[in-house]
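Enquirer: Okay, so the sequence shown: first residue is 1331 according to our numbering, each after it adds one.
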Amino acid sequence: MVKQRKAVALISGGLDSLLATKVIMEQGIHVEGINFFTGFCVEGHTHAIRQKDKVKPKRNNALWVAEQLGIKLHIIDIVEEYKEVLINPKHGYGANLNPCLDCKIFMVKKAYEWMQENDFDFIITGEVIGQRPKSQRKNTMPIVQKNSGAFDRLLRPLCAKNLPETLPEKEAWVDREKLMNFSGRSRKPQMSLAKKFEFEDYAQPAGGCCFLTDKAYSEKLVDLWQHRGHKEYELDDIMLLKVGRHIRPTDSFKLIIGREEGENNFLEGYRKQFISIQPISHTGPLVLIDGEPSAEDLQLAAKIAARFTQGKNESSVTVQIDRHEAPSWVLTVKPFTSEEIPSEWYV
Ligand code: SF4
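1) Measure the CB-CB distance between Ile1435 and Ser1478 and report whether it falls below 7 Å.
2) When you compare the segment 1589 to 1607 with the segment 1652 to 1663, are there three or more beta-carbon pairs, one atom per stretch, that lie closer than 8 Å?
3) Measure the CB-CB distance between Leu1345 and Tyr1532 and report whether it falls below 7 Å.
4) Identify the residues that DSSP records as bridge partners of Gly1363: which are they?
5) Would you list the one or two residues that DSSP bridges to Pro1429?
6) Could you give the residue range of the beta strand (DSSP E) that holds Lys1584?
7) By DSSP, does Ile1610 sit in helix, in strand, or in coil?
8) Taking the DSSP output, what are the residues bridged to Cys1539?
9) May I ask whether a heavy atom of ligand 1 can be found less than 6 Å away from the beta carbon of Asn1428?
10) Flag this pair as yes or no: are the beta carbons of Leu1585 and Ile1577 separated by less than 7 Å?
11) Residues in the same chain with beta-carbon distance under 6 Å from Phe1452, minus the five sequence neighbours each way, listed in chain order, please.
12) What span of residues does the beta strand (DSSP E) with Ala1656 cover, start to end?
13) Just to confirm the assignment, what range does the alpha helix (DSSP H) spanning Asp1346 have?
14) Jot down the residue ranges of each uninterrupted beta strand (DSSP E) in the segment 1410 to 1471, minimum 3 residues, whole runs only, in chain order.
15) Using C-beta distances below 6 Å, list every residue in its chain close to Thr1648, excluding the 5 sequence neighbours before and after it, in chain order.
16) Measuring CB to CB, does Leu1551 end up less than 7 Å from Leu1570?
17) If you compare alpha carbons, which of Gly1514, Glu1530 and Ile1354 is closest to Met1521?
18) Would you call the CB atoms of Thr1351 and Leu1399 closer than 7 Å?
19) Tell me the DSSP bridge mates of Gly1621?
20) Let me confirm a value: Arg1601 is counted as buried when at least 16 other C-beta atoms fall within 10 Å, else exposed. Which label applies?
21) Using a Cβ-based criterion (distance less than 6 Å to any ligand heavy atom), does Leu1345 qualify as near ligand 1?
22) Could you give the distance in angstroms between the alpha-carbon of Ile1634 and the alpha-carbon of Phe1596?
23) Consult DSSP for His1560 and reduce its assignment to one of helix, strand or coil.
24) Counting along the chain, where does the beta strand (DSSP E) carrying Ile1651 start and finish?
25) Under a Cβ-count criterion, where at least 16 other Cβ atoms within 10 Å of its own Cβ denotes burial, should Phe1481 be classed as buried or exposed?
26) Could you round the C-beta distance between Arg1462 and Cys1430 to whole angstroms and report it? I think they count as a contact, below 8 Å.
27) To the nearest angstrom, report how far apart Ala1536 and Gly1592 are at their CA atoms.
28) What I want to know is whether the C-beta of Leu1542 ends up closer than 6 Å to one or more non-hydrogen atoms of ligand 1.
29) With respect to 6 Å, is the separation between the Cβ of Lys1545 and the closest non-hydrogen atom of ligand 1 below this value?
30) Is any beta-carbon of chain B found at less than 7 Å from that of Gly1422?
31) Does the segment 1360 to 1370 touch the segment 1540 to 1548, meaning 3 or more C-beta pairs lie closer than 8 Å?
32) Could you tell me the distance, in whole angstroms, from the CA atom of Leu1616 to the CA atom of His1560?
33) Less than 8 Å between the CB atoms is what I'm expecting for Ile1354 and Ile1406, so what's the real figure, rounded?
34) Kindly indicate which residue of Pro1519, Ala1502 and Leu1348 has the alpha-carbon position closest to the one of Leu1393.
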């Protein structure tokens, strides 16, 4: 009896991994998916909180892709292990803080370990040569294969015909002729393949699969590292960088100010971990204070926070400052004008 071959697919939730998996499933291979949670993923709950994103479906796209394909999805938390990849990427960063090549190597390595533990035969990814300038170039493809340890058990179905044969092709587990030869940045081949497979509704990630490709997000992370004096971070830190306005008036603290109801609700969950400022005389957002502010700093913070309340044009606004293990402080301040909050303070 012919052995049923099994592949594990890296599922980001985007169109490429959806198509790559489908191409292999069409050849009778049993496929299961892996989605790695780094904390920087665009998917997940932070996407769901914003009012302005209301028209977008509130879904985890990786799970949605798995459901479309009818495959099992394993969501694996790699938050801790990923820190080393981000803090010390051997191949450096992309345009922002995205360590794409090291990230890819790391994820394929983890998938390879999973493959061995679970008695699967090979790994598939949705990579396409030339699609992304840093991590998906023809000369980086062998680096991922080699440095991950997966070697020729890593198959990229969407561009396989442009690459050397892999083990699944050599062993005829899959028919190379039925694999694709996509290359370059154009999405047209993917679109027409999606049409052929009758996939109509799929995620179109702009720029990349994680917040590390985002300039504004990366700048906030650099600011966090600079002011802490080291490159460490916790999951809460990187979640909070996705939310609110971040204003740093001095080196000792920054304010995180909710921009809308969804963000305020999200920040509410962190109230006990931070010093917080809540306006009481007027409606306004909850503000979290990250850092070690002095009493003078808190007065400054209160004036800034007051600027974002409905009393911003009034002569005074009263706020309550809640501090850990210290009595709450009720303070009446004159709100800052927008000119008194220089643009350099915005992180
Ligand atoms: S965009 Fe983010 S998740 Fe995707 S390869 Fe680059 S660093 Fe990794």
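Note that beta-carbon positions come from the ideal geometry of N, C-alpha and C, so glycine has one too.
Expert: Quick look at the numbers:
1) yes
2) With a cut-off of 8 Å, the segment 1652 to 1663 and the segment 1589 to 1607 count as touching, because enough Cβ pairs lie within range.
3) With respect to Tyr1532, Leu1345 sits close: the two C-beta atoms are nearer than 7 Å.
4) Ala1339 and Leu1403
5) Pro1429 pairs with nothing; no bridge assigned.
6) Phe1583 to Ile1587
7) coil
8) DSSP lists no partner for Cys1539.
9) yes
10) yes
11) Beyond the five residues adjoining it in sequence on each side, Phe1452 comes within less than 6 Å, by CB distance, of Ala1337, Arg1483, Leu1485 and Pro1498 in the same chain, given in chain order.
12) Ala1656 to Val1663
13) Leu1345 to Met1355
14) 1452 to 1454
15) Ile1610, Ser1611 and Thr1662
16) no
17) Comparing alpha carbon positions, the residue from Gly1514, Glu1530 and Ile1354 closest to Met1521 is Glu1530.
18) Going by C-beta atoms, Thr1351 is nearer than 7 Å to Leu1399.
19) In the DSSP output, where bridge partners are listed per residue, Gly1621 has Phe1583.
20) Of the residues assessed, Arg1601 falls on the exposed side of the cut-off, its CB having fewer than 16 other CB atoms within 10 angstroms.
21) no
22) 21 Å
23) Judged by DSSP in its simplified three-state form, His1560 adopts coil rather than helix or strand.
24) Val1647 to Arg1653
25) With a threshold of 16 other beta carbon atoms within 10 Å, Phe1481 falls short and is exposed.
26) 7 Å
27) Low confidence applies to Ala1536: its pLDDT is 49, below 50, so where it sits in the model is not reliable, and the reading given next is rough at best. If you take the alpha carbons of Ala1536 and Gly1592, they lie about 23 Å apart.
28) yes
29) Remark: the shortest separation between the CB of Lys1545 and any heavy atom of ligand 1 does not fall under 6 Å.
30) Of the chains in the structure shown, none is chain B; there is only one protein chain.
31) yes
32) 28 Å
33) Their Cβ separation, rounded to whole angstroms, is 20 Å, which puts Ile1354 and Ile1406 out of contact at 8 Å.
34) Leu1348
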